[in-house]
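Numbering (the numbering used here) for the sequence shown: 1306 to 1364.
Glycine included, each C-beta is placed from N, C-alpha and C at the ideal position.
As structure tokens, the structure follows; a few thoughts come after it.
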Amino acid sequence: RRTGKGWGEWLTILDEWGSAEKGHTESARHLREAHGVSPWWAQAVTVRYEYERGLRQPR
């Protein structure tokens, strides 16, 4: 747990914050600024969230 939280916790945090409506850039910024996540992990968590919620399609 390099971020200090499991995937389920991050999904809940982003759901409660309204990430699906706010988009990728704002979601990653929120993770960095509000939760102290490194830029790399903020991107990784955001992408995983988007896959899990059907907001991003696998290539």
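- Check the Cα spacing between TYR1354 and each of ARG1337, HIS1329, SER1343: the tightest is with HIS1329.
- Exposure of ALA1339 is indicated by the presence of fewer than 16 other C-beta atoms within 10 angstroms of its C-beta.
- Cβ-Cβ distances below 7 Å link HIS1335 to TRP1322 in the same chain, with the five nearest sequence neighbours on each side left out; the list follows chain order.
- In the DSSP annotation of this structure, the continuous segment of the alpha helix (DSSP H) that includes ARG1337 starts and ends at 1329 to 1340.
- Per DSSP, THR1351 is one residue of the alpha helix (DSSP H) stretching across 1344 to 1357.
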